[in-house]
Ligand SMILES: Nc1ncnc2c1ncn2[C@@H]1O[C@H](COP(=O)(O)OP(=O)(O)OP(=O)(O)O)[C@@H](O)[C@H]1O
Ligand SMILES: [Mg+2]
């Protein structure tokens, strides 16, 4: 039983007329933990931002849960590559995580006890409970990353899209994050994660997308994670340029 | 002390206090975004709008002058946008350019009007440079009341959206918040408050009401809701005190009086606030002795 929760058809994205993504087709299988791998500048972040409607593609179609509208994004939680937030903003860690509840509250409703409970359990999961009253700017890079992961968990979405969540993270925290992802998968969630360390792809993921401007291979790890496919994407001096 | 119960003083004090409360809260958003000087440029840029409106209607009529100020505030903002997006000039360059050229235009128009015998009662115009709350009319206070209430209501309604957008614009757009709408809202509230506050505080100093309270708030708390509340209260307290000083010592302009009190608050906050110089020393000493 397979079901595609995200479908991307013939996507072209360009920055100042220079294509970063070229005729890309992909699907994300429901309830999978899918890695996106590819060399620097392959367009991984660009693909994710296009799915999140943060950039406008030149052409192509993106469907989330069969819908093309902005509303479909309500079911998606996004963790950017580097939190490009305003670090001067006065906010505690707990308040940042609570922002994840916004999609369930909307406009005026304030977060209630239940939302606090959800936020605290997300913090606990990321082992950041003790920092809940800390000003966000007073955290280390890895701790900040964990706060944004906690916010995504708190958002309680169906699909989680993460851009290199393991970048700059120590090995203990890395295992912690992977454990959390796998337990959320048990609850029916789907993950699309940009990943750089090719050695851990097999251990952490069940599906993989190998890309460099376009998709070189995509599917179950057991079927497409081959030396040949990896080499193609990493060595090819890009088919389009 | 009789002053405190005098009708005129009360009208004026209510106006400036409310204005500073609202400006303190709305201005905090720009302070956090690092865009406080946009308010400065817009504040200065409203001045030629005031004079042109005066030239058209021939009297210092509050409503017409306020409309003139709003129009020029909006024009200035569009100029700033156009300059930063269509040239290599950075934001601070564009702000300096707009601030000085618009204010210069205003000063030139002022000399023209005041030297021209066909215009009468031109001395009232000077009040819009430094502010003279003592000459505020009931209508001035009503306008402040309307602008402040509208701004505060919008702030409350859009509170969560403004908060999330100011902290993390990218995230805000992925959870269905419209960043351009929020940006537009904050800017409109800023221009509106500047326009109605000119008579009380003046074009040169009005930006202080938008910046200083936010700076004070940030010194005392690391939570957005508390920071904005402190900002509003600090603005209000400074405005009331400043207006009192200015009314008690007739001839002392209101704008500078309020700003001086605000500056004293800023200084106190920098010394004794949560991360103030003195506070940190005390923490250090305590830390060493325990
Ligand atoms: N804002 C931008 N303006 C112009 N070009 C951009 C912009 N962002 C990315 N690019 C270009 O688009 C291409 C794809 O970039 P992207 O960030 O998607 O790569 P990536 O696969 O995420 O790389 P990395 O592994 O380094 O994160 C690169 O050639 C990059 O230079
Ligand atoms: Mg990237």
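Residue numbers (UniProt numbering), protein chains in the order written: chain A, 1 to 241; chain B, 1 to 290. Quick reminder that beta carbons are idealized off the backbone N, C-alpha and C, glycines included.
Helix, strand or coil, according to DSSP, for residue 242 of chain A in the structure here? Chain A is shown only over 1 to 241; residue 242 of chain A falls outside these bounds and no answer can be derived.
Are the CB atoms of residue 217 of chain B and residue 234 of chain B within a distance shorter than 8 Å? Taking the second chain and counting its residues from 1, one reaches residue 234 of chain B at position 234. Taking the second chain and counting its residues from 1, one reaches residue 217 of chain B at position 217. Yes. Within cutoff.
Buried or exposed, going by whether 16 or more other CB atoms sit within 10 Å of the CB of residue 146 of chain A? Numbered from 1 along the first chain, position 146 holds the residue referred to as residue 146 of chain A. So residue 146 of chain A ends up on the buried side.
Taking three-plus beta-carbon pairs below 8 Å as touching, is the stretch 225-233 of chain A in contact with the stretch 107-118 of chain B? no
To the nearest angstrom, how far is it from the Cα of residue 226 of chain B to the Cα of residue 5 of chain B? Within the second chain, numbered from 1, the residue matching residue 226 of chain B stands at position 226. Within the second chain, numbered from 1, the residue matching residue 5 of chain B stands at position 5. So the two alpha carbons sit approximately 32 Å from each other.
Taking the CB atoms as reference points, tell me whether residue 38 of chain B and residue 228 of chain B lie closer together than 8 Å. Counting from one through the second chain, the residue named residue 38 of chain B turns up at place 38. Counting from one through the second chain, the residue named residue 228 of chain B turns up at place 228. In this structure, residue 38 of chain B keeps its C-beta atom at 8 Å or more from the C-beta atom of residue 228 of chain B.
Comparing the C-beta of residue 17 of chain B with each C-beta of chain A, is any distance below 8 Å? Counting from one through the second chain, the residue named residue 17 of chain B turns up at place 17. Not one chain A Cβ lies under 8 Å of residue 17 of chain B.
So that I know if they touch, is there some Cβ in chain B lying closer than 8 Å to that of residue 91 of chain A? For the purposes of this step, residue 91 of chain A is taken as residue 91 along the first chain, with counting starting at 1. Judged by the 8 Å Cβ criterion, residue 91 of chain A is in contact with chain B.
Which partner residues does residue 191 of chain A have in the DSSP bridge list? Against the first chain, residue 191 of chain A aligns to sequence position 191. DSSP output for residue 191 of chain A lists A:33 and A:160 as bridge partner(s).
Where the beta strand (DSSP E) containing residue 11 of chain A begins and where it ends: Counting from 1 along the first chain, the entry for residue 11 of chain A is found at position 11. Start and end: 4-15.
For residue 24 of chain A and residue 75 of chain A, what's the separation of their Cα atoms in angstroms? As a first step, residue 24 of chain A is located in the first chain; it is residue number 24 there, counting from the start. As a first step, residue 75 of chain A is located in the first chain; it is residue number 75 there, counting from the start. Their backbone Cα atoms lie some 23 Å apart in a straight line.
Using the Cα positions of residue 241 of chain A and residue 59 of chain A, report the straight-line distance between them to the nearest angstrom. Start at 1 with the first residue of the first chain, and residue 241 of chain A comes out as number 241. Start at 1 with the first residue of the first chain, and residue 59 of chain A comes out as number 59. Only weak support exists for where residue 241 of chain A lies, its pLDDT of 42 falling under 50; the value from the coordinates is given anyway. So the alpha carbons of these two residues sit roughly 18 Å apart.
Give a yes or no on whether the C-beta atoms belonging to residue 34 of chain B and residue 130 of chain B are separated by under 8 Å. Numbered from 1 along the second chain, position 34 holds the residue referred to as residue 34 of chain B. Numbered from 1 along the second chain, position 130 holds the residue referred to as residue 130 of chain B. Result no, Cβ atoms of residue 34 of chain B and residue 130 of chain B do not sit closer than 8 Å.
Pull up the DSSP beta-bridge partners for residue 59 of chain A, would you. Mapped onto the first chain, residue 59 of chain A falls at position 59. Answer is A:12, bridged to residue 59 of chain A.
Residue 93 of chain B beta carbon less than 8 Å from that of residue 42 of chain B: Locating residue 42 of chain B in the second chain gives position 42, counting from the first residue. Locating residue 93 of chain B in the second chain gives position 93, counting from the first residue. Taking 8 Å as the Cβ cut-off, residue 42 of chain B and residue 93 of chain B do not qualify as a contacting pair.
For residue 272 of chain B, would you say it is in contact with chain A, using Cβ-to-Cβ distances shorter than 8 Å as the test? As a position in the second chain, residue 272 of chain B is number 272, starting the count at 1. So no, residue 272 of chain B is outside the interface.
With C-beta atoms as the reference, is residue 161 of chain A less than 8 Å away from residue 21 of chain A? Along the first chain, read from residue 1 onward, the residue named residue 161 of chain A stands at position 161. Along the first chain, read from residue 1 onward, the residue named residue 21 of chain A stands at position 21. In this structure, residue 21 of chain A does not lie closer than 8 Å to residue 161 of chain A by Cβ.
Could you tell me the alpha carbon to alpha carbon distance between residue 193 of chain B and residue 20 of chain B, rounded to whole angstroms? Here residue 193 of chain B is taken as the residue at index 193 of the second chain, counted from 1. Here residue 20 of chain B is taken as the residue at index 20 of the second chain, counted from 1. Distance from the CA atom of residue 193 of chain B to the CA atom of residue 20 of chain B, rounded to whole angstroms, is 9 Å.
Tell me the residue span of the alpha helix (DSSP H) that contains residue 220 of chain A. Translated into the one-based positions of the first chain, residue 220 of chain A becomes position 220. Looking at the DSSP string, residue 220 of chain A is not in any alpha helix (DSSP H); the run it does join, the beta strand (DSSP E), is 214-220.
Sort out for me which residues DSSP pairs residue 226 of chain B with in a bridge. Here residue 226 of chain B corresponds to residue number 226 of the second chain, with the count starting at 1. DSSP output for residue 226 of chain B lists no bridge partner at all.
CB contact check: residue 84 of chain A to chain B, cutoff 8 Å: Start at 1 with the first residue of the first chain, and residue 84 of chain A comes out as number 84. With 8 Å as the cut-off, residue 84 of chain A counts as an interface residue toward chain B.
Taking only beta-carbon atoms, is residue 176 of chain B less than 8 Å away from chain A? Translated into positions along the second chain, residue 176 of chain B becomes position 176. So, interface residue.
Per DSSP, which residues does residue 190 of chain B bridge with? Please list them. If you number the second chain from 1, residue 190 of chain B lands on position 190. Paired residues: none, contrary to the question.
Rounded to a whole number of angstroms, what is the C-alpha to C-alpha distance between residue 159 of chain A and residue 166 of chain B? Within the first chain, residue 159 of chain A is the residue found at index 159, counting from 1. Within the second chain, residue 166 of chain B is the residue found at index 166, counting from 1. For residue 159 of chain A and residue 166 of chain B, the distance between alpha carbons rounds to 25 Å.
Is any heavy atom in ligand 1 found nearer than 7 Å to the beta carbon of residue 40 of chain A? For the purposes of this step, residue 40 of chain A is identified with residue 40 of the first chain, where counting begins at 1. In this structure, ligand 1 has a non-hydrogen atom nearer than 7 Å to the beta-carbon of residue 40 of chain A.
Taking the alpha carbon of residue 187 of chain B as the point to measure from, which residue in B:143, B:27, B:52 and B:61 has its own alpha carbon closest? Sequence index remark: in the second chain, residue 187 of chain B carries index 187 (1-based). Proximity to residue 187 of chain B across B:143, B:27, B:52 and B:61 peaks at B:27, based on C-alpha coordinates.
Since residue 67 of chain A sits in a beta bridge, which residues does DSSP pair it with? Within the first chain, the letter at position 67 stands for residue 67 of chain A. The partner list for residue 67 of chain A (beta bridge, DSSP) reads A:64.
Can you tell me whether residue 140 of chain A is buried or exposed, with buried defined as 16 or more other CB within 10 angstroms of its CB? Working through the first chain from its first residue, we reach residue 140 of chain A at position 140. Counting Cβ neighbours within 10 Å, residue 140 of chain A comes out exposed, since fewer than 16 surround it.
Closer than 8 Å by C-beta to residue 190 of chain B: which residues in its own chain qualify, once you throw out the five before and the five after it? Chain order, please. For the purposes of this step, residue 190 of chain B is taken as residue 190 along the second chain, with counting starting at 1. Result list for residue 190 of chain B: 26, 27, 30, 38, 39, 42 and 210, in chain order.
Would you say residue 129 of chain A lies against chain B (beta-carbon separation less than 8 Å)? As a working note, residue 129 of chain A is residue 129 in the first chain. By this cut-off, residue 129 of chain A is not an interface position.
Can the beta-carbon of residue 277 of chain B be found closer than 8 Å to that of residue 283 of chain B? Residue 277 of chain B sits at position 277 when you count from the first residue of the second chain. Residue 283 of chain B sits at position 283 when you count from the first residue of the second chain. No, the pair does not count as a contact, with Cβ atoms beyond the cut-off.
In the DSSP output, which residue or residues are listed as bridge partners for residue 324 of chain A? This structure cannot speak to residue 324 of chain A, because chain A is shown only from 1 to 241.
Taking a Cβ distance cut-off of 7 Å, strictly less, list which residues of the stretch 208-237 of chain B are near chain A, in chain order. 218, 221, 222, 223, 224 and 227
Between the CA atoms of residue 97 of chain A and residue 251 of chain B - distance to the nearest angstrom: Numbered from its first residue, the second chain carries residue 251 of chain B at position 251. Numbered from its first residue, the first chain carries residue 97 of chain A at position 97. Residue 251 of chain B and residue 97 of chain A: Cα-Cα distance of roughly 52 Å.
On the criterion of 16 or more Cβ atoms from any shown chain inside 10 Å, does residue 222 of chain A qualify as buried, or is it exposed? Looking up residue 222 of chain A in the first chain gives position 222. Classification of residue 222 of chain A: exposed, given that the 10 Å Cβ count is below 16.
Straight-line CA distance for residue 85 of chain B to residue 97 of chain B? As a position in the second chain, residue 85 of chain B is number 85, starting the count at 1. As a position in the second chain, residue 97 of chain B is number 97, starting the count at 1. Going from the Cα of residue 85 of chain B to the Cα of residue 97 of chain B covers about 15 Å.
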